[in-house]
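For the sequence shown, full-length UniProt numbering assigns the number 1 to the initial residue and increments by one for each residue that follows. Please read the structure below before turning to the comments.
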Amino acid sequence: MGTRLKMSTSHHPQTDGQSERTIQTLEDMLRACVLEDKGNWCDHLHLIEFAYNNSYHSSIGMAPYE
């Protein structure tokens, strides 16, 4: 698949933009579920994981599940 491991500086999230963007996306998805259903965020993790892994990501040209 051609993946590469890159190290970044701790406590300096700007150096790892792609990971930070992924975290922000997951936080936004969780926030939307919790606001909609008024539940605990832990209860929505399986749904968020499924939705994220089955949606198209332009950075890799496919869904992560594929």
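Using N, Cα and C, we set each Cβ at its ideal position, and we do this for glycine too.
Assuming residue i contacts residue j under a Cβ cut-off of 8 angstroms, what Cβ separation, rounded to an integer in Å, is found between them?
{"i": "H44", "j": "L35", "result": "No, H44 and L35 are not in contact; Cβ-Cβ is about 11 angstroms, not under 8 angstroms."}
{"i": "S8", "j": "D16", "result": "4 angstroms"}
{"i": "C33", "j": "I48", "result": "7 angstroms"}
Taking just the CA atoms, how far does residue j sit from residue i?
{"i": "A51", "j": "G61", "result": "16 angstroms"}
{"i": "Y65", "j": "S55", "result": "8 angstroms"}
{"i": "residue 71", "j": "H57", "result": "The first residue shown for the chain is 1 and the last is 66, placing residue 71 beyond what the model contains."}
{"i": "E20", "j": "D28", "result": "12 angstroms"}
{"i": "L26", "j": "T3", "result": "22 angstroms"}
{"i": "K38", "j": "Q18", "result": "30 angstroms"}
Look up residue i in the DSSP assignment and give the residues it is bridged to.
{"i": "H57", "result": "M62"}
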